[in-house]
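J.: Sequential numbering from 176 applies to the sequence shown in the working numbering. Just passing along the structure, written as C-alpha cells.
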Amino acid sequence: MRAVIRGIGSYLPEHIMHNAEMAERVETSDEWIRERTGIHQRHIAAEGQFTSDLGFEAAKAALADADMTADDLDLIIVATSTPDLTFPSTATIIQEKLGMNHGAAFDIQAVCSGFIYGTHVVNALLRSGGAKRALLIGAETFSRILDWEDRGTCVLFGDGAGAIVVEAVEDTKDGILHTFIRSDGRHRDMLYVDGGPSRTQTVGHLRMLGNQVFKHAVTDISQVMRDCAEQAGVEIADIDWFVPHQANQRILNAVAKKLKLRPGQVVSTVAQHANTSAASVPLAMNAAVKDGRIKRGDLVMLEAFGGGFTWGAALLRY
C-alpha cells in the first residue's frame, strides 16, 4: 500500500508587495533584499482574509485537479503556524467550508517543516488503513505575526497556501516512498514567536537569529536529504527534482552545492513568494507541476527546515 498524489493546487492572495513597497515601510531597499535573500516580492493576505480562506482555495484547486470532491475524502490535515483561532483547528474550519460533515480533520504545527511532517503523518495513516483519501494543506498568513519594524524578518515572509490530495493505492510503484523527520528543541530561541496563549496571552511577533538559522539549515537539510534517500535505497544522483522549503535563495544554493545538485534540478519560487512557511513546499511543487517540469513518474524529494528546530524530507514518485 502506498500514498499516491492524485491532485495538487495552490492559492496566493491578490495583493503583491514588491520590494519597493517594502522599502516604504522599513529601512531597506530592493537591492539589499535581493542580494541577501533572492526575494523580489511576496503576497499579502487582505484584511478579513484568513488562513482558512487561503487553505480553502488551495483545497478546491487540488480537488479539482484530482477530479474529486470533499465527499471522496475521509481526512483533512492542515499544516500551519498561523491558525485562524487558538481552537478549533483550521482544518475543521476548512472542512466546514468544503461542506464535508464526515471523516476527521486536525492541524499540525511544525512551522516551516509542517508540510513535511504532514506528509509523514498522511503516509503513515494511509499505509496503515487509517484513511483512504486525504487532503493535506499547508497554509499561512505570516504577515499577521511579523514585526514590520524589523527589517531582518519582515522582508522574508509572505502568505499563501498549497494542497495535495493523496489516496491509498495497492500494488503501485508511484506515491510516497519514504519520509524522515527530525527536531531539536535546544535551538528554539533562534527562531520563535515571542507570544502565546499560555505564556503571554498575546499572539506575539516572529524573532530570528538569521546567521545561526542559516548555518543549521544548510547542515541539517543536507543530512536529512541524504538520510531519507539512503533509507529509501535511492541515490541522490537518481532523483529528478528537489523541492525545498523556500526560505532564502542562498540556503537553496548552499544545499545544492553541498549535495552536488544541478541548479536546474532545484525548484525555486522564493523570488515570487518569499518564505510562506508550511505553504512553501506545496506552492513550489504546484508551480513545477503546472509549468510541466515535474511529470508523472518523476522521482521528487521534498525537504524543509523550521523553528523548533524541526526539519525533514519526503521522497516520492509523482
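Every residue gets a Cβ at the ideal spot worked out from N, C-alpha and C, and that includes glycine.
Hey, could you find the ends of the beta strand (DSSP E) Ile214 is sitting in?
T.: For the purposes of this step, residue 214 is taken as the residue at position 39 of the sequence shown. Looking at the DSSP string, Ile214 is not in any beta strand (DSSP E), and its letter there is neither H nor E.
J.: Quick check on Asn194: buried or exposed, where buried means 16 or more other Cβ atoms within 10 Å of its Cβ?
T.: To locate residue 194, count along the sequence shown from 1; it is residue 19. With 16 or more other Cβ atoms within 10 Å, it is buried.
J.: Could you pull the DSSP bridge partners for Ser358 from this structure?
T.: For this step, residue 358 is matched to residue 183 along the sequence shown. In DSSP, Ser358 forms a bridge with Thr485.
J.: With a threshold of 8 Å, are at least 3 pairs of Cβ atoms found where one atom belongs to the segment 461-469 and the other to the segment 260-274?
T.: No, they do not touch.
J.: Spell out the partners DSSP gives Pro372 in its beta bridges.
T.: Taking the first residue of the sequence shown as position 1, residue 372 is located at position 197. Looking at the DSSP assignment, Pro372 forms no beta bridge with any residue, so it has no partner.
J.: By alpha-carbon positions, which one of Phe262, Leu381, Thr451, Gln376 ends up nearest to Ala336?
T.: Here residue 336 refers to the residue found at position 161 when the sequence shown is read from its first residue. Comparing Cα-Cα distances from Ala336 to each of Phe262, Leu381, Thr451, Gln376, the minimum goes to Thr451.
J.: Per DSSP, what kind of secondary structure is Pro457 in: helix, strand or coil?
T.: Residue 457 sits at position 282 when you count from the first residue of the sequence shown. The answer is helix: DSSP assigns Pro457 an H, G or I state.
J.: Compute the minimum distance between the beta carbon of Ala422 and the heavy atoms of the ligand PLP, and state whether it is under 7 Å.
T.: Of ligands this structure carries none, so the ligand PLP is not represented either.
J.: Measuring CB to CB, does Gly230 end up less than 8 Å from Ile312?
T.: Taking the sequence shown and counting its residues from 1, the one referred to as residue 230 is at position 55. Taking the sequence shown and counting its residues from 1, the one referred to as residue 312 is at position 137. Contact flag set, yes.
J.: Is the beta carbon of Ile180 less than 8 Å from the beta carbon of Pro457?
T.: Here residue 180 refers to the residue found at position 5 of the sequence shown. Here residue 457 refers to the residue found at position 282 of the sequence shown. Not in contact: Ile180 and Pro457 (Cβ atoms no closer than 8 Å).
J.: On a Cα-Cα basis, can you pick out the residue from Leu384, Val368, Met383 that is closest to Thr377?
T.: For this step, residue 377 is matched to residue 202 along the sequence shown. If we check each option's Cα against that of Thr377, Val368 comes out closest.
J.: Among all the DSSP beta bridges, which residues are the ones paired with Arg302?
T.: In the sequence shown, the residue the question calls residue 302 occupies position 127. Partner(s): none; Arg302 has no beta bridge.
J.: With DSSP run on the structure shown, which of helix, strand or coil describes Gly385?
T.: Mapped onto the sequence shown, residue 385 falls at position 210. In this structure, Gly385 counts as helix in the three-state DSSP scheme.
J.: Could you check whether Ile411 and Ala404 sit closer than 8 Å to each other, using their CB atoms as the reference points?
T.: What you label residue 404 is simply residue 229 of the sequence shown in a count that begins at 1. What you label residue 411 is simply residue 236 of the sequence shown in a count that begins at 1. Going by C-beta atoms, Ala404 is nearer than 8 Å to Ile411.
J.: By the three-class DSSP mapping on this structure, what secondary structure does Glu324 have?
T.: Along the sequence shown, read from residue 1 onward, the residue named residue 324 stands at position 149. DSSP places Glu324 in coil when its eight states are reduced to three.
J.: Grab the span of the alpha helix (DSSP H) containing Ala431 for me, first residue to last.
T.: Taking the sequence shown and counting its residues from 1, one reaches residue 431 at position 256. 424-433 is the span of the alpha helix (DSSP H), which, as asked, contains Ala431.
J.: Grouping DSSP H, G and I as helix and E and B as strand, with all else coil, what is Asp364?
T.: Sequence index remark: in the sequence shown, residue 364 carries index 189 (1-based). Of the three classes helix, strand and coil, the one that applies to Asp364 here is helix, per DSSP.
J.: Just curious, the alpha helix (DSSP H) that Ser185 is in, first and last residue?
T.: On the sequence shown, position 10 is the one that residue 185 refers to. First-last for Ser185: 177-186, but that is the beta strand (DSSP E), not the alpha helix (DSSP H).
J.: Give the C-beta separation of Ala309 and Leu250 to the nearest angstrom, bearing in mind that I take them to be a contact with Cβ-Cβ under 8 Å.
T.: Here residue 309 refers to the residue found at position 134 when the sequence shown is read from its first residue. Here residue 250 refers to the residue found at position 75 when the sequence shown is read from its first residue. Sure, about 4 Å apart at Cβ, within 8 Å.
J.: Report the residue ranges of all alpha helix (DSSP H) runs contained in full by the segment 205-278; include only those spanning at least 4 residues, in chain order.
T.: Runs found: 205-212, 226-241, 265-272.
J.: For Ile291, name the three-state secondary structure that DSSP assigns.
T.: The residue given as residue 291 occupies position 116 in the sequence shown. Note: Ile291 maps to helix in three-state DSSP.
J.: Please return the same chain residues whose Cβ sits closer than 7 Å to the Cβ of Arg471, not counting the five positions on each side in sequence.
T.: Taking the sequence shown and counting its residues from 1, the one referred to as residue 471 is at position 296. If we look at Arg471 and ignore the five residues flanking it on each side, its Cβ neighbours are Tyr493.
J.: Could you compute how far the alpha carbon of Ile426 sits from the alpha carbon of Trp207?
T.: Position 251 of the sequence shown, counted from the start, is the residue given in the question as residue 426. Position 32 of the sequence shown, counted from the start, is the residue given in the question as residue 207. Straight-line Cα distance between these residues: approximately 16 Å.
J.: Just the C-alpha distance for Ile214 and Asn423, rounded to the nearest angstrom, thanks.
T.: In the sequence shown, the residue the question calls residue 214 occupies position 39. In the sequence shown, the residue the question calls residue 423 occupies position 248. Spanning the two alpha carbons is a distance of roughly 8 Å.
J.: Thinking C-beta only, is Phe355 closer than 8 Å to Ala453?
T.: Start at 1 with the first residue of the sequence shown, and residue 453 comes out as number 278. Start at 1 with the first residue of the sequence shown, and residue 355 comes out as number 180. No, Cβ-Cβ distance for Ala453 and Phe355 is not below 8 Å.
J.: Between the C-alpha atoms of Val286 and Gly483, what's the straight-line distance to the nearest angstrom?
T.: Here residue 286 corresponds to residue number 111 of the sequence shown, with the count starting at 1. Here residue 483 corresponds to residue number 308 of the sequence shown, with the count starting at 1. Going by the C-alpha atoms only, they are around 8 Å apart.
J.: Under 8 Å, do Arg217 and Ala449 count as touching if we go by C-beta distance?
T.: Here residue 217 refers to the residue found at position 42 of the sequence shown. Here residue 449 refers to the residue found at position 274 of the sequence shown. It is a contact, given that the beta carbons lie within the stated cut-off.
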